[in-house]
Each structure stands twice: as structure tokens, then as C-alpha cells.
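Engineer:
Residue numbers (our numbering), protein chains in the order written: chain A, 53 to 457; chain B, 15 to 158.
#1: Can you tell me whether residue 203 of chain A is helix, strand or coil according to DSSP?
#2: In terms of residue numbering, what span does the beta strand (DSSP E) encompassing residue 390 of chain A cover?
#3: Since residue 412 of chain A and residue 427 of chain A are thought to touch, with beta carbons under 8 Å apart, how far apart are those beta carbons, to the nearest angstrom?
#4: Which term fits residue 388 of chain A, buried or exposed, when burial requires 16 or more other beta carbons within 10 angstroms of its beta carbon?
#5: When you compare only the Cα positions, how much space is there between residue 245 of chain A and residue 298 of chain A?
#6: Could you tell me which whole alpha helix (DSSP H) segments of length 4 or greater appear in the segment 203–231 of chain A?
#7: Below 7 Å between beta carbons is the criterion; list the residues of the segment 367–401 of chain A that meet it against any residue of chain B, in chain order.
#8: From which residue to which residue does the alpha helix (DSSP H) around residue 337 of chain A run?
#9: Does residue 462 of chain A get closer than 8 Å to chain B when you measure Cβ to Cβ?
#10: Give a yes or no on whether the minimum CB-CB distance between residue 188 of chain A and chain B is below 8 Å.
#11: If we count Cβ pairs, one from each stretch, closer than 8 Å, do we get three or more for the segment 196–209 of chain A versus the segment 158–178 of chain A?
#12: Assess contact between the segment 319–335 of chain A and the segment 120–134 of chain A, defined as three or more Cβ pairs (one per stretch) separated by less than 8 Å. Is contact present?
#13: Confirm, please, whether the CB-CB distance from residue 121 of chain A to residue 334 of chain A is below 8 Å.
#14: Along chain B, in chain order, which residues have C-beta atoms closer than 7 Å to that of residue 455 of chain A?
#15: Between the segment 33–45 of chain B and the segment 93–104 of chain B, do at least 3 Cβ pairs fall closer than 8 Å?
#16: Name, going along the chain, the residues of the segment 407–419 of chain A whose beta-carbon falls closer than 8 Å to a beta-carbon of chain B.
#17: Do the segment 258–277 of chain A and the segment 138–158 of chain A meet, that is, are 3 or more Cβ pairs less than 8 Å apart?
#18: For chain B, is any of its Cβ atoms less than 8 Å away from the one on residue 404 of chain A?
#19: Using the C-alpha atoms, what's the distance from residue 131 of chain A back to residue 137 of chain A?
#20: At 4 residues or longer, what runs of the alpha helix (DSSP H) sit wholly inside the segment 394–453 of chain A?
#21: Tell me where the beta strand (DSSP E) around residue 308 of chain A begins and ends.
#22: Compute the Euclidean distance between the alpha carbons of residue 337 of chain A and residue 307 of chain A, then round it to the nearest angstrom.
#23: Is the CB of residue 138 of chain B under 8 Å away from at least one CB in chain A?
#24: For the segment 76–157 of chain A, which segments carrying the beta strand (DSSP E) assignment without a break, of at least 3 residues, lie completely within its bounds, in sequence order?
#25: Checking contacts by CB at 8 Å: is residue 63 of chain B closer than that to chain A?
#26: Find out if the Cβ-Cβ distance for the pair residue 17 of chain B, residue 105 of chain B is shorter than 8 Å.
#27: Could you tell me the distance, in whole angstroms, from the CA atom of residue 158 of chain B to the CA atom of residue 149 of chain B?
#28: Return yes when the C-beta of residue 376 of chain A is under 7 Å from any heavy atom of the ligand SAH, and no when it is not.
#29: Residues in the same chain with beta-carbon distance under 6 Å from residue 63 of chain A, minus the five sequence neighbours each way, listed in chain order, please.
#30: Name the chain A residues that come within less than 9 Å of residue 90 of chain B, Cβ to Cβ?
#31: Which residues of the segment 217–234 of chain A have a Cβ closer than 7 Å to any Cβ of chain B? Give them in chain order.
#32: Using CA atoms only, rank isn't needed, just tell me which of A/371, A/375, A/348 is closest to residue 360 of chain A.
#33: Taking the CB atoms as reference points, tell me whether residue 55 of chain A and residue 351 of chain A lie closer together than 8 Å.
#34: Return the chain-ordered list of same chain residues with a C-beta closer than 6 Å to the C-beta of residue 276 of chain A, the five sequence neighbours on each side being excluded.
#35: Drop a sphere of 10 angstroms on the beta-carbon of residue 383 of chain A, count the other beta-carbons inside from all chains shown, and report buried for 16 or more, exposed for fewer.
#36: For residue 288 of chain A, which residues in the same chain have their Cβ closer than 7 Å to its Cβ, ignoring the five residues on either side in sequence?
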């Protein structure tokens with residue numbers, strides 16, 4: 053089913069504003085997406101009518117807030133195909149989700165053990181593991197990426213050994229757009245008894261996510277890259293794993309019995325949610341994911357694929373453009389460089405023309421360096437982008453190149 | 015020309031353009047025209063941190079006056095640094111340390127730069143002032 057993009061755009065008030073005197077063309081969706089009015093209304097409604105602390109009050113409002121909060125958890129579990137709501141832990145976002153696992157996994161990592169990541173990881177799925185390895189005298193191994201921006205699966209098979217204790221991999225690369233074969237990766241890892249954490253930050257709003265089909269052990273994502281609010285995200289973990297892990301943070305809510313000598317901890321998922329959670333954020337995330345569901349993730353994917361294909365074709369017509377990331381399976385992330393032009397200069401000028409793109413290493417420095425670069429220009433698309441916007445973007449790039457060369 | 019007069023001149027040059035794209039075009043022109051820095055100074059030692067693009071800045075003192083040269087791999091950055099060089103190069107460390115930076119606000123550069131670029135500009139100014147301080151210290155005869 054084709055989406056009615058004109059109608060969808062009306063749901064996003066920010067899209068009608070001007071930037072630098074020009075209509076905004078927002079192509080930085082891989083950094084964060086804009087929010088539909090329903091999400092904003094949900095936030096307002098929560099604080100106008102429902103605000104109360106969860107899981108503790110005897111009063112009516114607290115009951116309502118608790119029910120809504122737990123309903124959000126149930127919905128989100130269903131959205132990603134989790135078996136149980138208890139497997140959904142609310143965090144501040146993908147980064148905290150990864151840090152959480154990299155911290156509590158320490159008990160299973162010893163000297164000489166290995167963590168396997170890939171060369172296309174965002175810093176947030178790299179540095180936590182690197183620091184874990186440093187603390188435990190373990191080694192971080194890296195699966196290389198080929199010229200097209202795909203994982204070298206032969207290397208992956210060789211790098212996963214009896215010493216490997218965790219595989220951490222992006223579902224989708226934030227720089228290249230590459231969709232990694234996470235199902236296959238999980239299968240190979242599980243053959244060796246190794247758990248897998250998938251960083252789903254760049255996938256959640258663009259692809260169907262089914263954690264049970266993927267069979268990954270952990271899946272992390274943020275609401276703000278999926279039309280939801282900033283500051284909240286999810287760590288999905290298989291129940292058997294979450295039960296095995298020690299708490300990440302301590303405080304209220306996550307405890308069962310507290311004494312000065314000893315404390316016992318609450319059940320899942322509360323064991324991992326110390327302190328007052330971002331109730332409003334969880335409700336707004338639920339609304340955002342329902343917005344995706346309403347439009348249909350397959351429809352969104354098809355629309356974004358068409359935008360990517362068109363933008364790639366048009367961009368390639370310009371002189372001296374090199375696309376970084378030409379994997380067979382891609383989401384609508386378009387990274388490129390222009391011969392003789394610094395990405396930063398190009399980004400600055402297209403911004404003057406109202407087009408928001410990102411430049412630099414995109415928090416994936418080792419990956420960008422692997423392509424012999426210090427940065428790229430990245431245009432990334434979302435549900436509300438149009439072919440006319442692609443035209444404006446291409447015209448802006450062409451004009452900027454004329455000025456810079 | 016004093017630092018103040020040079021700043022005034024730049025303000026007038028920029029006031030000709032209404033559209034920021036034209037101001038950028040002018041910065042690009044200035045960037046392209048910036049005299050090349052001696053290759054031996056394009057090392058990490060002269061690299062200014064805090065910029066998304068790389069900027070090398072070299073300073074030396076000649077007859078009590080600071081001579082600045084610079085380069086960058088991004089041409090707009092080069093244009094910005096060329097403004098600073100035009101304003102400060104050829105002045106004494108004292109003059110540089112006393113100068114205010116109001117002209118950058120007046121031409122709207124500061125508010126118009128992206129946060130990363132504004133940081134970079136701040137780092138360049140800091141580095142120039144640091145050079146001036148060092149040269150000033152070196153020039154002052156040590157007291158007993």
C-alpha cells in the first residue's frame with residue numbers, strides 16, 4: 053500500500069517551518085526523527101491528566117499511571133516480537149542499553165576471553181565493549197567490512213571461537229545503511245554457544261523487527277529514532293539471560309526486601325529499573341510505535357527504499373561523487389563524499405539552503421577511517437520525506453559543489 | 015591599519031551581502047586566496063583541536079610583531095581563519111591581547127555558525143591569544 057505522504061507530513065508540525073529562510077528539508081533522520089503531533093499530545097495528556105508515580109501509590113492516579121506504563125511495556129514487547137513484557141527493560145536509550153549489558157556481563161568475562169564486534173559499529177556499541185575488555189584483560193575482535201560496506205561473513209565464522217563470550221552487532225549501520233544478516237549471525241553464534249546483542253537503533257523505524265525470529269539474546273533501541281521522545285529506549289533481553297544477570301543500578305523500585313545487612317531484588321523487569329522510570333517517555337514511545345504500526349512498517353520501508361534509490365541515482369549524476377556504502381541490503385541512509393570537497397563545507401552550504409544533513413564520522417570513526425576518509429556527508433530518510441525534497445537536496449549539493457570547486 | 019580599523023573594514027565588506035549564502039561565497043573566496051602555509055607546519059604540533067575540519071596555525075614574531083599563517087582542509091574554515099589572520103597578523107602581542115572580538119558578532123558569523131564550527135572558531139581565537147601571551151612573556155625581560 054502506498055502511503056499518503058502529504059497527509060503524513062501534516063502530522064509533523066516542524067516540517068512546515070523554515071530554516072535559514074528556506075523551507076526545511078530534514079534529511080538527518082538517522083540522528084533523530086521528528087515527532088508526530090500524537091506523540092506530543094500524549095506527553096501533554098500524561099502531565100495534564102495522569103502524572104503520578106508508578107508501582108507504589110495506593111491512590112487512583114498512581115494506579116492509572118502504573119497500568120498505562122505496563123500496557124506500554126506490553127505493546128512494545130509485541131511490537132518487537134518479544135515473548136513476554138518482562139523481557140522489556142526501559143533504559144535511557146540504545147547507549148544505556150549497551151552499557152548496561154557490557155557492565156553486568158563483566159561477571160562472565162575473564163582474562164583471555166573475547167568479545168566479537170564488527171567494523172561498522174557506532175561508538176556506543178564499541179567503546180562499552182572495549183572498556184569491558186580492558187577491565188577484564190579480555191580481547192575485542194573485529195569482523196571486517198568489505199568495500200561495499202558489507203560484513204565479511206567468512207571472517208565472522210573464523211573469528212568466533214571457543215573464547216568468544218559475546219557478539220555485538222548493529223542491525224543496520226548508521227553510516228552505510230547496511231542491513232546486517234542478524235539472523236544468520238545469531239545462528240552461527242549460537243552454534244558456538246555465544247550470546248548476541250543487536251544494536252537496533254537504526255532498524256526500529258525502518259525494518260520489521262522480530263527478536264524471536266532473529267533469536268538474538270539482547271536487542272537495544274531508542275525511541276527518538278522512531279518518531280518518539282528523546283531520553284527513553286529499550287533493552288530487550290531473553291528472560292533466561294535477564295534472570296542470570298545481576299542488577300545494573302540500585303535504588304528504589306528494583307528491590308524486594310531491604311535491610312542494613314542484606315537486600316533482595318525485585319523480579320523482572322523491575323530488577324533492572326532502579327528509581328522512578330520515565331513513565332511519560334514510555335507512553336509516548338508506545339504512541340510513536342503505534343504510529344509506525346498504523347502506517348505499516350513494510351509500507352514505510354518501501355517508500356524509503358524508493359527515496360533511496362532515486363536519491364542515489366540522481367546523486368551519482370553529479371561529478372566526482374562517491375557513495376560510501378553500497379550493500380545489497382540497505383536502509384535509506386546515503387553517505388557520500390565529493391572529490392576535492394570537505395564534507396563539512398558541503399554540509400554547511402546545503403544547510404544554508406534549508407537542507408539538514410549530517411557530516412563527519414557519525415560516531416563511527418574506525419569505520420569511516422576504514423574507507424580512507426575523515427568524514428562523509430550523510431542524508432538519511434524517514435517516513436515523511438518526499439521526492440521533491442530529494443530534488444531540493446540534489447540541487448543544493450550541485451550548487452554547493454559549484455561554489456566550493 | 016589598527017586592529018580596530020581592519021575589523022571595521024571586514025564589517026563593511028560583509029554588510030554588502032544580504033543573503034548568507036553570498037557571505038559564505040565570500041568566505042570561500044577568502045579561503046581559496048589564503049596564502050599557503052609552509053608544509054613543515056602542517057603537523058599535529060600546529061593542529062588546533064576542537065574543529066571538525068583540520069586547522070593548522072603557525073605564529074612567529076618578527077620585529078616585535080606576530081606573523082600568523084594557517085591552513086585547513088575545509089575551505090570555509092580557511093576563509094574564517096583568513097579573517098583572523100587579516101585582523102591580527104602584523105600586530106604586537108599586546109595589541110592582540112587587548113583586541114575585542116566584537117566584529118565576529120557584528121558580521122553575524124558567530125551566531126550563524128553551526129555549534130561545532132563555532133567551537134572551532136573559539137579554539138582558533140584561543141590559540142592566537144595563547145601565542146600572543148607566550149611571545150609577550152618571552153619578550154619581557156625577567157625581573158630579579
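Every residue, glycine too, gets a C-beta built ideally from N, C-alpha and C.
Structural biologist: Reading off the structure:
#1: Here residue 203 of chain A sits in strand by DSSP.
#2: Looking at the DSSP string, the run of the beta strand (DSSP E) that includes residue 390 of chain A is 385–390.
#3: Their Cβ separation, rounded to whole angstroms, is 4 Å, which keeps residue 412 of chain A and residue 427 of chain A in contact under 8 Å.
#4: Label assigned to residue 388 of chain A: buried.
#5: Taking the straight line joining both Cα atoms gives about 20 Å.
#6: Counting only unbroken stretches of 4 or more residues, the alpha helix (DSSP H) elements lying wholly within the segment 203–231 of chain A are 205–211, in sequence order.
#7: So the close ones are 394, 396, 397, 400, 401.
#8: Note, residue 337 of chain A: alpha helix (DSSP H), 331–347.
#9: An answer regarding residue 462 of chain A cannot be provided, because it is not within the stretch 53 to 457 covered by chain A.
#10: For residue 188 of chain A, not one C-beta of chain B is nearer than 8 Å to its own C-beta.
#11: As far as the Cβ criterion goes, the segment 196–209 of chain A touches the segment 158–178 of chain A, which means the pair count is three or higher.
#12: Between the segment 319–335 of chain A and the segment 120–134 of chain A there are three or more inter-stretch CB-CB distances shorter than 8 Å, so the stretches are counted as touching.
#13: Yes.
#14: Ordered by position in chain B, the residues that pass the 7 Å Cβ test against residue 455 of chain A are 39, 42.
#15: Contact annotation: the segment 33–45 of chain B touches the segment 93–104 of chain B, with at least three C-beta pairs closer than 8 Å.
#16: For the segment 407–419 of chain A, the residues whose beta carbon sits under 8 Å from a beta carbon of chain B are, in order, 411, 412.
#17: With the cut-off at 8 Å, the segment 258–277 of chain A and the segment 138–158 of chain A touch.
#18: With 8 Å as the cut-off, residue 404 of chain A counts as an interface residue toward chain B.
#19: If you draw a straight line from the Cα of residue 137 of chain A to the Cα of residue 131 of chain A, it is about 11 Å long.
#20: Within the segment 394–453 of chain A, the complete alpha helix (DSSP H) runs of at least 4 residues are 395–404, 417–422.
#21: Element bounds for residue 308 of chain A: 307–310.
#22: Here the alpha carbon of residue 337 of chain A sits roughly 26 Å from the alpha carbon of residue 307 of chain A.
#23: Under the 8 Å criterion on CB atoms, residue 138 of chain B is classed as non-interfacial with respect to chain A.
#24: Within the segment 76–157 of chain A, complete beta strand (DSSP E) segments of at least 3 residues are found at 140–143, given in chain order.
#25: Not an interface residue.
#26: Contact: yes.
#27: Note that residue 158 of chain B scores 48 on pLDDT, short of 50, meaning its location in the model is unreliable and no value can be drawn from it.
#28: Looking at this structure, you won't find the ligand SAH or any other ligand, since it has none at all.
#29: Residues 88, 89 of the same chain have their beta carbon placed closer than 6 Å to that of residue 63 of chain A, with the five preceding and five following residues left out of the count.
#30: Within 9 Å Cβ-Cβ: 394, 396, 397, 400, 401, 456.
#31: For the segment 217–234 of chain A, the set of positions with a beta-carbon nearer than 7 Å to some beta-carbon of chain B is empty.
#32: The residue with the shortest Cα to Cα distance from residue 360 of chain A is A/375.
#33: Going by C-beta atoms, residue 55 of chain A is nearer than 8 Å to residue 351 of chain A.
#34: Answer for residue 276 of chain A: 84, 282, listed in chain order.
#35: Buried, by the Cβ-count rule.
#36: The beta carbon of residue 288 of chain A sits closer than 7 Å to those of 132, 134, 139, 140, 263, 270, 271, all from its chain and outside the five residues before and after it, given in chain order.
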